[in-house]
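Quick note on this note's numbering: the sequence shown kicks off at 1048 and runs consecutively. Where a beta carbon is used, it is the ideal one built from N, C-alpha and C, also for glycine. Some notes on the structure that comes next.
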Amino acid sequence: MNDKIVIIRNDLKNKIIPDYKISGIIVVILLSKEFFPHNADLVPALYSIFSLEFKDYVLKSRTLTMARTLRYFEVMSTEQKFALKNNLYLFCSDIIDSHFQNSESYWKQAKYVRI
């Protein structure tokens, strides 16, 4: 998970990202059991990142949740997609900060020196 989330965050740093890359990032994040061990854990993330709420039967299936989210992403305007990209970037940064920032293994892999 270390490398995957860091690569995703670095991709999201770019100003212009093709829609297919953002779709792939959404799929990786929503289907990952490392980020969300239980389907119920998706609910706050879906609301904070996408401002989406689904019925309970949709949330019982992770793939159905992903499909509905991607369908919502496809009809978004350019401004909404830019805001979504920023929300995804903040989400990935929070995960990196909370899980890896204080661990010794993170600093061993870091390519810069913290001052």
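- Query: Going along the chain, which residues of its own chain have a beta-carbon closer than 8 Å to the beta-carbon of residue 1073, five neighbours each way excluded?
  - Reply: In the sequence shown, residue 1073 corresponds to position 26, counting from 1. Answer for residue 1073: 1113, 1116, 1117, 1120, 1135, listed in chain order.
- Query: Quick one: any contact between the segment 1080 to 1097 and the segment 1056 to 1063, if contact means 3 or more CB pairs under 8 Å?
  - Reply: no
- Helix, strand or coil: how does DSSP classify residue 1132 here? Stepping through the sequence shown from its first residue, residue 1132 is reached at position 85. Helix at residue 1132.
- Message: With H, G and I counted as helix, E and B as strand and the rest as coil, what does DSSP make of residue 1159?
- Response: Numbered from 1 along the sequence shown, position 112 holds the residue referred to as residue 1159. Its pLDDT being 48, under 50, residue 1159 is placed unreliably by the model, and nothing is read from it.
- Nearest neighbour of residue 1098, chosen from 1065, 1128, 1064 [CA to CA]: Numbered from its first residue, the sequence shown carries residue 1098 at position 51. Nearest option by C-alpha distance: 1128.
- Roughly how many angstroms separate the alpha carbons of residue 1141 and residue 1086, rounded to a whole number? Along the sequence shown, one-based indexing puts residue 1141 at 94. Along the sequence shown, one-based indexing puts residue 1086 at 39. Distance between the alpha carbons of residue 1141 and residue 1086 is about 20 Å.
- Query: Apart from the five residues just before and just after residue 1105, which ones in its own chain have a Cβ nearer than 7 Å to its Cβ?
  - Reply: Against the sequence shown, residue 1105 aligns to sequence position 58. Hits under 7 Å: 1111, 1112, 1115.
- Extent of the continuous alpha helix (DSSP H) run through residue 1076: Indexing the sequence shown from 1 puts residue 1076 at position 29. Note, residue 1076: alpha helix (DSSP H), 1066 to 1078.
- residue 1069, buried or exposed, once every other Cβ within 10 Å from all chains shown has been counted against 16: The residue given as residue 1069 occupies position 22 in the sequence shown. The residue is buried, with at least 16 neighbouring Cβ atoms inside 10 Å.
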